[in-house]
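Engineer: Quick mapping for you: the protein sequence lines, in order, are chains V and U. Residue 86 in numbering that gives the first Met the number 0 sits at position 87 of the first sequence, and the numbers go up by one each step. Residue 179 in numbering that gives the first Met the number 0 sits at position 180 of the second sequence, and the numbers go up by one each step.
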Amino acid sequence: MTLAAATRDRYLSAYDRVTGNGGRRPAWMRRLRDEALTRFLESGFPAAKEEDWKYTPLASLEGGEFELTPSGGTLSPGDVAPLLPREGAANVLVFLDGRYRRELSAQNALPPGAHLGSLAEAISGELDGLVPYFSRAPLNPFTDLNTMLMEDGAFLHLGKDTEIAEPVHLLFLSSSAERPVMSHPRNLVIAGENSRVTIVERYAGRGEAGYFVNSMTDIVAGRNSAVTHYRIQEDGDAAWSVATLRSRQGEGSRFAAHSASFGAKLSRYDIHAVLDGERAECLLNGLYLGKVRQHADHFVTVDHAMPSGSSREYFHGVLRDQARGVFRGRVIVRRDAQGTDARQTNRNLLLSKDTEADSRPQLEIHADDVKCTHGATVGTLDEEQLFYLRSRGIDVESAKGLLTWAFAGEVLRRFDLPGIRRTVESKLASWLPDSRGAREILRETG
Amino acid sequence: MLKIENLHAAIGDRTILRGIDLSVRAGEVHAIMGPNGSGKSTLANVIAGRDTYHVTEGTILFEGRDLLAMPPEERAKEGIFLAFQHPVEIPGVSNLHFLKSALNAVRKHRGLQELDVLEFRDAVRERVRLVEMEEELLLRSVNDGFSGGEKKRNEILQMAILEPRLAILDETDSGLDIDALKVVAAGVNRLRGPERAIVVVTHYQRLLNHIVPDFVHVLSDGRIVRSGGRDLALELEERGYGWVQAPEARGAEVRQ
Numbered sequence: 000m001t002l003a004a005a006t007r008d009r010y011l012s013a014y015d016r017v018t019g020n021g022g023r024r025p026a027w028m029r030r031l032r033d034e035a036l037t038r039f040l041e042s043g044f045p046a047a048k049e050e051d052w053k054y055t056p057l058a059s060l061e062g063g064e065f066e067l068t069p070s071g072g073t074l075s076p077g078d079v080a081p082l083l084p085r086e087g088a089a090n091v092l093v094f095l096d097g098r099y100r101r102e103l104s105a106q107n108a109l110p111p112g113a114h115l116g117s118l119a120e121a122i123s124g125e126l127d128g129l130v131p132y133f134s135r136a137p138l139n140p141f142t143d144l145n146t147m148l149m150e151d152g153a154f155l156h157l158g159k160d161t162e163i164a165e166p167v168h169l170l171f172l173s174s175s176a177e178r179p180v181m182s183h184p185r186n187l188v189i190a191g192e193n194s195r196v197t198i199v200e201r202y203a204g205r206g207e208a209g210y211f212v213n214s215m216t217d218i219v220a221g222r223n224s225a226v227t228h229y230r231i232q233e234d235g236d237a238a239w240s241v242a243t244l245r246s247r248q249g250e251g252s253r254f255a256a257h258s259a260s261f262g263a264k265l266s267r268y269d270i271h272a273v274l275d276g277e278r279a280e281c282l283l284n285g286l287y288l289g290k291v292r293q294h295a296d297h298f299v300t301v302d303h304a305m306p307s308g309s310s311r312e313y314f315h316g317v318l319r320d321q322a323r324g325v326f327r328g329r330v331i332v333r334r335d336a337q338g339t340d341a342r343q344t345n346r347n348l349l350l351s352k353d354t355e356a357d358s359r360p361q362l363e364i365h366a367d368d369v370k371c372t373h374g375a376t377v378g379t380l381d382e383e384q385l386f387y388l389r390s391r392g393i394d395v396e397s398a399k400g401l402l403t404w405a406f407a408g409e410v411l412r413r414f415d416l417p418g419i420r421r422t423v424e425s426k427l428a429s430w431l432p433d434s435r436g437a438r439e440i441l442r443e444t445g
Numbered sequence: 000m001l002k003i004e005n006l007h008a009a010i011g012d013r014t015i016l017r018g019i020d021l022s023v024r025a026g027e028v029h030a031i032m033g034p035n036g037s038g039k040s041t042l043a044n045v046i047a048g049r050d051t052y053h054v055t056e057g058t059i060l061f062e063g064r065d066l067l068a069m070p071p072e073e074r075a076k077e078g079i080f081l082a083f084q085h086p087v088e089i090p091g092v093s094n095l096h097f098l099k100s101a102l103n104a105v106r107k108h109r110g111l112q113e114l115d116v117l118e119f120r121d122a123v124r125e126r127v128r129l130v131e132m133e134e135e136l137l138l139r140s141v142n143d144g145f146s147g148g149e150k151k152r153n154e155i156l157q158m159a160i161l162e163p164r165l166a167i168l169d170e171t172d173s174g175l176d177i178d179a180l181k182v183v184a185a186g187v188n189r190l191r192g193p194e195r196a197i198v199v200v201t202h203y204q205r206l207l208n209h210i211v212p213d214f215v216h217v218l219s220d221g222r223i224v225r226s227g228g229r230d231l232a233l234e235l236e237e238r239g240y241g242w243v244q245a246p247e248a249r250g251a252e253v254r255q
């Protein structure tokens, strides 16, 4: 969709700001930004008639008068503390409106062979080794927008056999300025052969602020590495939250991406997982919750490019009020990817009659020796289960709360970081229409 | 305690109960027998409040109160318990939490202090042993992956914990081997007492060797066609249901 003149001017001037602000160096980065700009001006935001965006209402986003903040908003350690794990975290990088805030971040002893820091610093340090990681084909106009306007994000590099035992926390906050702000955080994780790490990305902002955050994370998981990624999205109720996660896995590697989506007026999460080595294992496990008029959208592509890979997708949506959930799951099995074992499940629980869930599995299989299954359900709470609980004296609202908790819990129990699981469970408990049972369970297991 | 008068119930537009009259007093054990499709399970479920059945006529009074006006949870809190024929699996809800929530809902209603998880575990341990259930099953999700026998023991465990005033057992014997049957029967017999009543719904007289009823009723085509003492059950065992069936039902059988 071609851009309206005002929108075009807005993004052009944002581009001028970024490139005038150090964003033009080194030359390769400038070139990538230029190319992304050219494509974006050509394509504009994805149009509703495009199949991949059919259910994603972008009109209001396109009209938004977003600006990059001149200096980044203000933030104190008190704003950050509630978003950090209770048990503390050795390594936390905090970003406000897309800029790194060193004074709020913490970096502690990393093992030799590991590097963690600002991506902008790595780029301006003219690390030419980064070029190939930035030169991958864009996925959609949002990834172009990210390349053209990114200011910072995290860069994590693990050498061969390096293990970071503690999870690395990345916090992306959006400030509530007078004008709606936008930011385009960009993260790059390069995990060398036989390395191991867990990364937690958390996105948050104030409820009333109509900001736009458009993040992109690239993960390259080397041979026999194990990389686990979490994305916890708790953006403000008036926000537009767009995110892309792209992974490429080497031989024998294990990659897991867990997610929980709570916030934003409109959220869209694109996961693009490429199994690019033999016997790679990929787990994609996500929960999305929608209330009021929220729109939560997931577009997941798993690309089996090499033999004997296995992928598991579990996405559960819970919708109440007038919320809408969209899940599209695409599985590609390339000709060489014999022996692929791919399974996909998307289940949606509708808690009120004005909700809507769309679920579209899509399989493209070009190999013959493969196991591919997919299943999608959209439904309400099970009447038999409800009656069973009620027949034991549990009132109908608590019974519904308990069953909803259990439905969401099927995804959350795969979260292998107890602290994060707990955080998400607490948020889930307060999200439920009736949270008495859930709170009790949390107390009991606390 | 329980007074059912002229009860008619339907599922959709299919009438299943066609005028049931039944009185159960405290301290009594009643057996409701009858062939498949006679309406036994419907009766049990209507008393517990399952809303897939519509009561089209008649009344049920429990301790003088209108039972049909109460939602299922209210009936449970007033002391009615249904041991399900097919207990449903609830993945993701721990059995322990479920049992505790149920007990606390009932205790709260009775004006008793609610138990915390430790107090509850102490209270429940003894009863778990009585129904010869693996304690590990408490930590699993409700009935999730339980064998048929484990599910039935879990029902009896719930009954033992909730100490209902009126317990209705819906074909609790079906699918049980003799050892499990004895355990279940022992659980029920322990509950017998002057202040409680038990209604055993069963197709076979086998269970009644272990839970000896005071009264036996035969249900056929939605009506109680015969009532008597425990001898009636033995007679049924010997002669089958044919001789007591309602004329319409016999006719239907002949037509088949």
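No residue lacks a Cβ here, since even glycine has one placed at the ideal position from N, Cα and C. These figures come from a predicted structure and were not determined experimentally.
Reducing DSSP to helix, strand and coil, say where A184/U ends up.
Structural biologist: The residue given as residue 184/U occupies position 185 in the second sequence. Three-state DSSP puts A184/U in a helix.
Engineer: In the DSSP assignment, the beta strand (DSSP E) including H183/V goes from what residue to what residue?
Structural biologist: By one-based count along the first sequence, residue 183/V stands at place 184. First-last for H183/V: undefined, no H or E at that position.
Engineer: By a C-beta neighbour count over all protein chains shown, 10 Å radius and 16 as the cutoff for buried, is D368/V buried or exposed?
Structural biologist: To locate residue 368/V, count along the first sequence from 1; it is residue 369. It is exposed - the Cβ of D368/V has fewer than 16 other Cβ atoms within 10 Å.
Engineer: How long is the line joining the alpha carbons of I160/U and R201/V, rounded to whole angstroms?
Structural biologist: Taking the second sequence and counting its residues from 1, one reaches residue 160/U at position 161. Taking the first sequence and counting its residues from 1, one reaches residue 201/V at position 202. Taking the straight line joining both Cα atoms gives about 44 Å.
Engineer: Could you name the residues that DSSP lists as bridge partners for R346/V?
Structural biologist: To locate residue 346/V, count along the first sequence from 1; it is residue 347. Bridge partners of R346/V: H315/V and T376/V.
Engineer: Using a C-beta to C-beta distance shorter than 7 Å, which residues of chain V count as neighbours of R49/U?
Structural biologist: Indexing the second sequence from 1 puts residue 49/U at position 50. Residues of chain V with a Cβ closer than 7 Å to the Cβ of R49/U are, in chain order, F386.
Engineer: Quick one: Cα of N347/V to Cα of F298/V, how far?
Structural biologist: Along the first sequence, one-based indexing puts residue 347/V at 348. Along the first sequence, one-based indexing puts residue 298/V at 299. Spanning the two alpha carbons is a distance of roughly 15 Å.
Engineer: Which runs of the beta strand (DSSP E), 3 residues or longer, sit entirely within the region 88-123 of chain V?
Structural biologist: 90-95 and 113-117
Engineer: What does DSSP give as the partner residue(s) for P193/U in the beta ladder?
Structural biologist: As a position in the second sequence, residue 193/U is number 194, starting the count at 1. Its beta-bridge partners do not exist; DSSP assigns none.
Engineer: Just tell me which of E355/V, A304/V and V188/V has its CA closest to the CA of R333/V.
Structural biologist: Working through the first sequence from its first residue, we reach residue 333/V at position 334. Among E355/V, A304/V and V188/V, the Cα nearest to that of R333/V is on A304/V.
Engineer: Please name the residue in L288/V, L402/V and V395/V whose C-alpha comes closest to that of M69/U.
Structural biologist: To locate residue 69/U, count along the second sequence from 1; it is residue 70. In this structure, V395/V is the residue among L288/V, L402/V and V395/V with its C-alpha nearest to the C-alpha of M69/U.
Engineer: The beta strand (DSSP E) spanning W239/V covers which residue range?
Structural biologist: Along the first sequence, read from residue 1 onward, the residue named residue 239/V stands at position 240. It spans W239 to Q248 - the beta strand (DSSP E) in which W239/V sits, taken as one unbroken run.
Engineer: Out of curiosity, what's the CA-to-CA distance linking N193/V and Q248/V?
Structural biologist: Locating residue 193/V in the first sequence gives position 194, where the first residue counts as 1. Locating residue 248/V in the first sequence gives position 249, where the first residue counts as 1. Computed Cα separation, rounded: 12 Å.
Engineer: Can you name the residues of chain V whose CB is closer than 7 Å to the CB of V87/U?
Structural biologist: Here residue 87/U refers to the residue found at position 88 of the second sequence. Those are E383, Q384 and Y387, listed as they occur along chain V.
Engineer: Can you name the start and end residues of the alpha helix (DSSP H) that D415/V belongs to?
Structural biologist: Residue mapping note: residue 415/V aligns to position 416 of the first sequence, counting from 1. Where D415/V is concerned, there is no enclosing alpha helix (DSSP H), given that its DSSP letter is neither H nor E.
Engineer: Hey, would you say F154/V sits closer than 8 Å to A121/V, going by beta carbons?
Structural biologist: Taking the first sequence and counting its residues from 1, the one referred to as residue 154/V is at position 155. Taking the first sequence and counting its residues from 1, the one referred to as residue 121/V is at position 122. Closer than 8 Å, so yes.
Engineer: Residues of the region 210-226 of chain U in Cβ contact with chain V at a cutoff of 7 Å, in chain order, please.
Structural biologist: The region 210-226 of chain U vs chain V, Cβ under 7 Å: nothing.
Engineer: Compare the beta carbon distance of F39/V and L157/V with 8 Å and say whether it is the shorter of the two.
Structural biologist: Looking up residue 39/V in the first sequence gives position 40. Looking up residue 157/V in the first sequence gives position 158. Not closer than 8 Å, so no.
Engineer: Go to D269/V, then tell me how far its beta strand (DSSP E) extends in each direction, as first and last residue.
Structural biologist: Position 270 of the first sequence, counted from the first residue, corresponds to residue 269/V. Start and end: L265 to L274.
Engineer: Please report the residue range of the beta strand (DSSP E) in which G18/U lies.
Structural biologist: As a working note, residue 18/U is residue 19 in the second sequence. Where G18/U is concerned, the enclosing beta strand (DSSP E) stretches over R13 to V23.
Engineer: Can you say whether V325/V is buried or exposed, counting buried as having 16 or more other CB atoms within 10 angstroms of its CB?
Structural biologist: Here residue 325/V corresponds to residue number 326 of the first sequence, with the count starting at 1. With 16 or more Cβ atoms within 10 Å of its Cβ, V325/V is classed as buried.
Engineer: Find the residues of chain U that neighbour F406/V, judging by a C-beta separation of less than 8 Å, and give them in chain order.
Structural biologist: In the first sequence, counting from the first residue as 1, residue 406/V sits at position 407. Going along chain U in sequence order, the residues near F406/V (Cβ under 8 Å) are G91.
Engineer: Could you tell me if D115/U is buried or exposed, where buried requires 16 or more neighbouring beta carbons within 10 angstroms of its beta carbon?
Structural biologist: Numbered from its first residue, the second sequence carries residue 115/U at position 116. D115/U is exposed by the Cβ-count criterion.
Engineer: What residues are listed by DSSP as bridge partners for Y229/V?
Structural biologist: The count along the first sequence starts at 1 and reaches residue 229/V at position 230. Note: Y229/V sits in a beta bridge opposite V199/V and H257/V.
Engineer: I'd like to know if K76/U contacts chain V, where contact means its C-beta is closer than 8 Å to some C-beta of that chain.
Structural biologist: Here residue 76/U is taken as the residue at index 77 of the second sequence, counted from 1. Closer than 8 Å to some Cβ of chain V, the Cβ of K76/U qualifies, so yes.
Engineer: W239/V: buried (16+ other C-beta within 10 angstroms of its C-beta) or exposed?
Structural biologist: As a first step, residue 239/V is located in the first sequence; it is residue number 240 there, counting from the start. Looking at its Cβ environment, which holds 16 or more other Cβ atoms inside 10 Å, W239/V is buried.
Engineer: Sort E439/V, G21/V, L288/V and G116/V by Cα distance to V167/V and report the nearest one.
Structural biologist: As a first step, residue 167/V must be located in the first sequence, where it is residue number 168. The option with the nearest alpha carbon to V167/V is G116/V.
Engineer: Identify the residues that DSSP records as bridge partners of P360/V: which are they?
Structural biologist: Within the first sequence, residue 360/V is the residue found at index 361, counting from 1. P360/V is bridged to G328/V.
Engineer: Verify whether the separation of the beta carbon atoms of S252/V and G276/V is less than 8 Å.
Structural biologist: Here residue 252/V corresponds to residue number 253 of the first sequence, with the count starting at 1. Here residue 276/V corresponds to residue number 277 of the first sequence, with the count starting at 1. Result yes, Cβ atoms of S252/V and G276/V sit closer than 8 Å.
Engineer: Between K53/V and R267/V, what straight-line distance do the alpha-carbon atoms span, to the nearest angstrom?
Structural biologist: As a first step, residue 53/V is located in the first sequence; it is residue number 54 there, counting from the start. As a first step, residue 267/V is located in the first sequence; it is residue number 268 there, counting from the start. Going by the C-alpha atoms only, they are around 12 Å apart.
Engineer: How would you label T372/V, buried or exposed, when you count the other beta carbons within 10 angstroms and need 16 or more for buried?
Structural biologist: Looking up residue 372/V in the first sequence gives position 373. Looking at its Cβ environment, which holds fewer than 16 other Cβ atoms inside 10 Å, T372/V is exposed.
Engineer: I'd like to know whether the C-beta of L81/U is nearer than 8 Å to at least one C-beta of chain V.
Structural biologist: The residue given as residue 81/U occupies position 82 in the second sequence. L81/U counts as touching chain V.
Engineer: Does the beta carbon of L401/V come closer than 8 Å to any beta carbon on chain U?
Structural biologist: In the first sequence, counting from the first residue as 1, residue 401/V sits at position 402. True, the Cβ-Cβ gap to chain U drops below 8 Å.
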